[in-house]
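Per our numbering, the sequence shown starts with residue -6, numbered consecutively. Positions of the beta carbon are idealized from the N, C-alpha and C atoms, including for glycine. Quantities reported herein were computed from a predicted structural model and do not represent experimental measurements. Everything below concerns the one structure shown next.
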Amino acid sequence: LSAPELVGNRNFAGKRRAPWESRRSSGEAIELVELQKGSSLTQICHSEIQEEIFRKDNRLLTLLKGVYVESRDPPVSSLPRTAEEKRLTKLGHLGDLDVKKVSKGKISIVEALTLLNNHKLHPRIWTAEKIAVEYSLELKEVNSLLEFFIPFAVQEFPKETKKAIKPT
-6 LSAPELVGNR NFAGKRRAPW ESRRSSGEAI ELVELQKGSS LTQICHSEIQ EEIFRKDNRL
54 LTLLKGVYVE SRDPPVSSLP RTAEEKRLTK LGHLGDLDVK KVSKGKISIV EALTLLNNHK
114 LHPRIWTAEK IAVEYSLELK EVNSLLEFFI PFAVQEFPKE TKKAIKPT
(Lines of atoms letter the chains of each structure in order from A and count residues from 1; the text may use other names and numbers.)
(Lines give C-alpha, C1' and ligand atoms only; values in the text may rest on other atoms or scores of the structure.)
Protein backbone atom coordinates (compact mmCIF):
# COMPACT_ATOMS: atom_id res chain seq x y z
CA LEU A 1 0.00 0.00 0.00
CA SER A 2 1.15 3.53 -0.62
CA ALA A 3 1.68 6.12 2.08
CA PRO A 4 -1.50 8.16 1.36
CA GLU A 5 -3.62 5.01 1.58
CA LEU A 6 -2.14 4.10 4.95
CA VAL A 7 -2.86 7.54 6.27
CA GLY A 8 -6.42 7.28 4.98
CA ASN A 9 -6.88 3.91 6.65
CA ARG A 10 -5.54 5.23 9.92
CA ASN A 11 -7.92 8.13 9.80
CA PHE A 12 -10.77 5.77 9.07
CA ALA A 13 -9.85 3.56 12.00
CA GLY A 14 -9.53 6.61 14.18
CA LYS A 15 -12.95 7.85 13.13
CA ARG A 16 -14.48 4.50 14.00
CA ARG A 17 -12.76 4.42 17.34
CA ALA A 18 -13.55 8.02 18.32
CA PRO A 19 -17.09 7.45 19.68
CA TRP A 20 -15.86 4.42 21.62
CA GLU A 21 -13.08 6.42 23.19
CA SER A 22 -15.46 9.19 24.20
CA ARG A 23 -17.86 6.70 25.81
CA ARG A 24 -15.01 4.87 27.46
CA SER A 25 -14.11 7.85 29.54
CA SER A 26 -17.71 8.34 30.68
CA GLY A 27 -18.28 4.71 31.68
CA GLU A 28 -21.09 4.30 29.16
CA ALA A 29 -19.15 1.59 27.33
CA ILE A 30 -19.01 -0.53 30.45
CA GLU A 31 -22.80 -0.35 30.75
CA LEU A 32 -23.20 -1.42 27.12
CA VAL A 33 -20.94 -4.42 27.63
CA GLU A 34 -22.86 -5.43 30.74
CA LEU A 35 -26.16 -5.13 28.88
CA GLN A 36 -24.85 -7.26 26.05
CA LYS A 37 -23.39 -9.91 28.31
CA GLY A 38 -26.07 -10.24 30.93
CA SER A 39 -29.30 -11.96 30.17
CA SER A 40 -30.60 -10.66 33.47
CA LEU A 41 -32.07 -7.69 31.61
CA THR A 42 -34.20 -9.95 29.48
CA GLN A 43 -35.29 -11.81 32.60
CA ILE A 44 -36.19 -8.53 34.29
CA CYS A 45 -38.17 -7.40 31.25
CA HIS A 46 -39.86 -10.78 31.06
CA SER A 47 -40.90 -10.69 34.72
CA GLU A 48 -42.18 -7.11 34.34
CA ILE A 49 -44.28 -8.17 31.37
CA GLN A 50 -45.68 -11.12 33.31
CA GLU A 51 -46.56 -8.84 36.23
CA GLU A 52 -48.30 -6.43 33.87
CA ILE A 53 -50.32 -9.26 32.36
CA PHE A 54 -51.48 -10.66 35.69
CA ARG A 55 -52.04 -7.29 37.38
CA LYS A 56 -55.70 -6.52 37.99
CA ASP A 57 -57.02 -3.13 37.09
CA ASN A 58 -59.42 -2.26 39.92
CA ARG A 59 -60.94 0.70 38.07
CA LEU A 60 -61.78 -1.51 35.10
CA LEU A 61 -63.18 -4.23 37.38
CA THR A 62 -65.56 -1.77 39.09
CA LEU A 63 -66.75 -0.52 35.71
CA LEU A 64 -67.37 -4.07 34.52
CA LYS A 65 -69.32 -4.90 37.68
CA GLY A 66 -71.66 -2.03 36.88
CA VAL A 67 -72.56 -3.52 33.50
CA TYR A 68 -75.75 -5.60 33.50
CA VAL A 69 -76.34 -7.95 30.61
CA GLU A 70 -79.45 -10.00 30.22
CA SER A 71 -79.51 -12.56 27.48
CA ARG A 72 -82.25 -14.89 26.42
CA ASP A 73 -82.54 -17.36 23.61
CA PRO A 74 -84.93 -16.27 20.90
CA PRO A 75 -88.32 -17.96 21.18
CA VAL A 76 -88.59 -21.08 19.13
CA SER A 77 -91.39 -20.61 16.67
CA SER A 78 -91.67 -23.95 15.04
CA LEU A 79 -94.59 -25.62 13.48
CA PRO A 80 -95.80 -28.73 15.21
CA ARG A 81 -93.73 -31.51 13.74
CA THR A 82 -95.58 -34.41 12.36
CA ALA A 83 -93.91 -37.70 12.98
CA GLU A 84 -92.56 -39.17 9.78
CA GLU A 85 -94.47 -42.16 8.65
CA LYS A 86 -92.18 -45.14 8.41
CA ARG A 87 -92.73 -48.48 6.81
CA LEU A 88 -91.04 -51.80 7.37
CA THR A 89 -88.57 -52.78 4.71
CA LYS A 90 -88.55 -55.91 2.69
CA LEU A 91 -85.71 -57.52 4.59
CA GLY A 92 -82.54 -58.43 2.79
CA HIS A 93 -80.17 -61.26 3.44
CA LEU A 94 -78.14 -59.54 6.20
CA GLY A 95 -80.70 -60.08 8.98
CA ASP A 96 -79.84 -57.86 11.97
CA LEU A 97 -77.61 -55.59 9.91
CA ASP A 98 -80.38 -54.68 7.48
CA VAL A 99 -82.30 -51.43 7.76
CA LYS A 100 -85.60 -52.23 9.46
CA LYS A 101 -87.64 -49.05 8.91
CA VAL A 102 -87.55 -46.53 6.09
CA SER A 103 -89.53 -43.31 5.68
CA LYS A 104 -92.43 -43.50 3.28
CA GLY A 105 -91.41 -42.30 -0.14
CA LYS A 106 -87.88 -43.68 0.29
CA ILE A 107 -86.28 -47.07 -0.23
CA SER A 108 -83.17 -48.78 1.03
CA ILE A 109 -80.33 -49.81 -1.25
CA VAL A 110 -81.21 -53.48 -0.91
CA GLU A 111 -84.81 -52.73 -1.89
CA ALA A 112 -83.70 -50.59 -4.85
CA LEU A 113 -81.49 -53.36 -6.20
CA THR A 114 -84.20 -55.95 -5.60
CA LEU A 115 -86.93 -54.00 -7.38
CA LEU A 116 -84.64 -53.15 -10.30
CA ASN A 117 -83.70 -56.80 -10.70
CA ASN A 118 -87.33 -57.96 -10.38
CA HIS A 119 -88.41 -55.46 -13.03
CA LYS A 120 -85.57 -56.57 -15.31
CA LEU A 121 -86.40 -60.28 -14.96
CA HIS A 122 -90.22 -59.97 -14.99
CA PRO A 123 -91.23 -56.61 -16.49
CA ARG A 124 -94.88 -57.65 -16.98
CA ILE A 125 -95.33 -58.65 -13.34
CA TRP A 126 -93.23 -55.90 -11.75
CA THR A 127 -94.65 -52.84 -13.47
CA ALA A 128 -93.94 -49.29 -12.31
CA GLU A 129 -97.43 -49.06 -10.77
CA LYS A 130 -96.98 -52.26 -8.77
CA ILE A 131 -93.56 -51.15 -7.53
CA ALA A 132 -94.96 -47.75 -6.50
CA VAL A 133 -97.74 -49.40 -4.47
CA GLU A 134 -95.50 -52.12 -3.02
CA TYR A 135 -92.77 -49.75 -1.80
CA SER A 136 -94.92 -46.64 -1.05
CA LEU A 137 -93.25 -44.53 -3.73
CA GLU A 138 -94.54 -41.96 -6.19
CA LEU A 139 -95.13 -43.25 -9.71
CA LYS A 140 -93.02 -40.47 -11.26
CA GLU A 141 -90.02 -41.42 -9.09
CA VAL A 142 -90.41 -45.12 -9.90
CA ASN A 143 -90.50 -44.36 -13.63
CA SER A 144 -87.32 -42.28 -13.30
CA LEU A 145 -85.67 -45.05 -11.28
CA LEU A 146 -86.52 -47.70 -13.86
CA GLU A 147 -85.40 -45.47 -16.72
CA PHE A 148 -82.05 -44.25 -15.40
CA PHE A 149 -80.83 -47.12 -13.20
CA ILE A 150 -80.21 -50.35 -15.03
CA PRO A 151 -78.70 -53.20 -13.03
CA PHE A 152 -75.73 -54.95 -14.54
CA ALA A 153 -76.01 -58.51 -15.69
CA VAL A 154 -73.23 -60.68 -14.37
CA GLN A 155 -72.38 -63.36 -16.84
CA GLU A 156 -69.88 -66.09 -16.30
CA PHE A 157 -68.30 -67.35 -19.43
CA PRO A 158 -67.44 -71.06 -19.62
CA LYS A 159 -63.78 -71.85 -19.43
CA GLU A 160 -62.28 -72.82 -22.71
CA THR A 161 -60.86 -76.27 -22.58
CA LYS A 162 -57.76 -76.68 -24.65
CA LYS A 163 -56.46 -80.07 -25.43
CA ALA A 164 -53.04 -80.58 -24.11
CA ILE A 165 -50.47 -81.06 -26.78
CA LYS A 166 -49.09 -84.50 -26.51
CA PRO A 167 -45.41 -84.81 -27.15
CA THR A 168 -44.74 -87.24 -29.96
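What did DSSP end up calling Leu(-6) once you bin it into helix, strand or coil?
With a pLDDT of 47 at Leu(-6), under the threshold of 50, the modelled position of that residue is not reliable, and the figure given next carries that caveat. Of the three classes helix, strand and coil, the one that applies to Leu(-6) here is coil, per DSSP.
List the endpoints of the continuous beta strand (DSSP E) containing Ser96.
Start and end: Lys94 to Ser96.
How would you call Ile229, buried or exposed, if buried means at least 16 neighbouring beta carbons within 10 angstroms?
For the chain, the structure presents residues -6 to 161; residue 229 sits outside this window and is missing.
In the DSSP output, what is Lys79 paired with across the bridge?
For Lys79, which the question treats as bridged, DSSP gives the partners Ser96.
Please report the Cβ distance between Pro151 and Leu106, rounded to the nearest whole angstrom; I am assuming they are in contact, meaning their Cβ atoms lie under 8 Å.
Contact doesn't hold; Cβ gap of about 26 Å is too wide.
Taking the alpha carbon of Glu131 as the reference point, which residue from Leu109, Ile100 and Leu54 has its own alpha carbon closest?
Among Leu109, Ile100 and Leu54, the Cα nearest to that of Glu131 belongs to Ile100.
Look up Lys49 in the DSSP assignment and say whether it is helix, strand or coil.
Of the three classes helix, strand and coil, the one that applies to Lys49 here is coil, per DSSP.
Return helix, strand or coil for Glu149, following the three-state DSSP convention.
In the structure shown, Glu149 sits in coil (DSSP, three-state: anything other than H, G, I, E or B).
How long is the line joining the alpha carbons of Asn51 and Val60, rounded to whole angstroms?
In a straight line, the C-alpha of Asn51 is about 15 Å away from that of Val60.
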